[in-house]
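First residue of the sequence shown? That's 717 in our numbering, and the numbers climb one at a time after it.
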Amino acid sequence: MQAAPVKVANYIDGQFTESKTQKWIELRNPATQEVISLVPESTPEELQAATDSAQEAFKTWSKTSIVQRQRVMMDLQALIRENQDSIAANIVEEQGKTFVDAKGDVFRGLQVVEQACGLTAHMMGHHMSVAKDMETYTYREPLGVVAGICPFNFPAMIPLWMFPLAIATGNSIVMKPSERDPGALMMLADLAAKAGVPNGVLNIVHGAVDCVNYICDEPRIKAISFVGSDVAGKHIYTRGNANGKRVQANLGAKNHAVILPDANKQATLNAVAGAAFGAAGQRCMALSTLVLVGEAKEWLPELVERAQQLKVGYGMDPEVDVGPVITTQAKSRIESLVQSGVDQGAELLLDGRGIVVKGYEKGNFVGPTILSGVQPNMDCYKEEIFGPVLVCLSVDTIDEAIEMVNNNPYGNGTAIFTNSGATARKFEHEIDVGQVGINVPIPVPIPPFSFTGSRGSILGDLNFYGKSGFDFYTKPKTVTSLWKESDASHSRASVAMPTIR
């Protein structure tokens, strides 16, 4: 008999408390359809309480020393490292990733926490003597109460892009995880408390549209960090900005890989298969579009062979490569876009629809799927499929490939595979995409750099993590001070007009 689903708590003022809501969202294991928990739509009173707690905590937390906050970050990263496996197991259950991929989810977020430990260097200001006895200096201050709104596809990494940098820089934060898989963030909140994050500095609420609109409208919330879909991101950016908030929003993507015939064939095919079908294609940096230049199109049969070797199943099986997609609705949408490609003239080289996994017959499984002969006007090219589907196009020259990538509205990431340094350099400098991989399929930078998606993939001018991440959660203050040396000797007052010389 299935156990009664657990009710996910709010986390307000350092306490995990059951919501008083009458509206609950079922959270289902995507591999089994079993309802494993109920996620509340936090009430208006609970949303206010979370903000009240954050505002009150900010008064004291913002005044703590930078080395004290650094010490908390050091303890937090150690606790996350110790609990990486248990967080990853929760991600497998709620989100569907393979256990290895889920551990990677946690680890890439952990790297941002490790970067937060180095905040002393990033928070240094500037100082200059501008005239006799006069100095100008600048430093950065926290914003106040900020907010983070997270997607389902990285339930640990994306929250760790947000709250560690926010609180390390002296802010307090209200977080809203995805209602599809909040468990990882709830576990991280418990670890944050154990690391020494004071009550009220980190708060977690739940919900859907009403919760998002509250965050956009609440005047005490000064900034919003968001990762997710185009529709939600544009809404949050527009509404948040209209209310005077700083907003960074990472949106959709259509990441192209360009393969030249001179590339290392075996390494390239392995890289493409992993980047296209890993995480069931549910990555904002998934390699979803393949552009084959010249004779490289002859490699497709071998790519199909590699994709066929990938095992689909439940994420805790160590032999599984591709887990389920997040919901039945996502599965239906993916399968519909595949069919639209066929209907519009693409060739279906590998069909992962209709796959059934023994023991998990109700799971949201879609196997690796490859469409060739795709044209830019087809729906399967124009839409972000967000599943284990690779659409393949062919061109004759590198110039045509660059033009195709640049004509796509998105600019999250792209990659080129070639053994020609000259060709790689041409691609790097002519491509209008924010993150470029050269023989690297998923060019997500490590935290000393920032996540720099561009064009239709991001709204806002401050990027995630890296130096830009610290800047997002702080504001500059510039002070000009005058301490006259002559005052020290009690000389007589000057009545001349003060000037800067």
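For each residue, glycine too, the CB sits at the ideal point set by N, CA and C.
Around the Cβ of residue 897, a 10 Å sphere holds 16 or more other Cβ atoms; the residue is buried. For residue 962, the enclosing beta strand (DSSP E) starts and ends at 962 to 966.
In chain order, 972, 974, 1007, 1130, 1147, 1148 and 1149 place their CB closer than 8 Å to the CB of residue 1121, counting only its own chain and leaving out the 5 sequence neighbours on each side. Ranking 908, 791 and 790 by CA distance to the CA of residue 888 puts 908 first.
In the structure shown, the three-state DSSP call for residue 1139 is helix.
Annotated three-state conformation of residue 1114 is helix, per DSSP.
Note that the C-beta distance between residue 854 and residue 1194 is below 7 Å. Nearest neighbour of residue 1163 by Cα position, chosen from 755, 880, 841 and 813, turns out to be 880.
Linking residue 1003 to residue 1117 through their CA atoms gives a straight-line distance of about 15 Å. The Cβ atoms of residue 1135 and residue 946 do not sit closer than 7 Å to each other.
If the five residues before and after residue 861 are omitted, its C-beta is found closer than 8 Å to the C-beta atoms of 767, 770, 771, 774, 887, 888, 889, 890, 936, 937 and 938, all from its own chain and listed in chain order. The beta-carbon distance between residue 758 and residue 723, rounded to whole angstroms, is 12 Å. This is too long to meet the 8 Å contact definition. Fewer than three beta-carbon pairs drawn from the region 829 to 842 and the region 951 to 959 are found closer than 8 Å, and the two stretches are therefore not classed as touching.
For the pair residue 783 and residue 803, the CB atoms are not nearer than the 7 Å cut-off. Fully enclosed beta strand (DSSP E) runs of no fewer than 3 residues occupy 962 to 966, 971 to 975 and 1003 to 1009 of the region 959 to 1042, in order along the chain. Residue pairing by DSSP puts residue 1108 in a beta bridge opposite 1006. Judged by beta-carbon spacing, residue 1104 lies beyond the 7 Å limit of residue 987, meaning their Cβ atoms are not closer than that value. Rounded to whole angstroms, residue 738 and residue 895 show a C-alpha spacing of 16 Å. The region 1017 to 1033 makes no contact with the region 1171 to 1189, as fewer than three CB pairs between them are under 8 Å.
About 4 Å separates the CB atoms of residue 1087 and residue 1062; that is less than 8 Å, so the two are in contact.
In this structure, DSSP gives residue 1088 an extended state, which the three-state scheme calls strand.
At a Cβ-Cβ threshold of 7 Å, residue 1132 and residue 1143 count as neighbours. CA-CA distance, residue 818 to residue 807, rounds to 6 Å. As the crow flies, the alpha-carbon of residue 1170 is around 54 Å from that of residue 1202. By the neighbour-count definition (other C-beta atoms within 10 Å, threshold 16), residue 922 is a buried residue. A Cβ-Cβ distance of about 6 Å is found for the pair residue 969 and residue 1100, placing them in contact under the 8 Å criterion. In this structure, residue 1080 and residue 858 do not form a Cβ contact; the two beta carbons are roughly 41 Å apart against a cut-off of 8 Å. Residue 869 carries a coil assignment under DSSP once its states are collapsed to helix, strand and coil.
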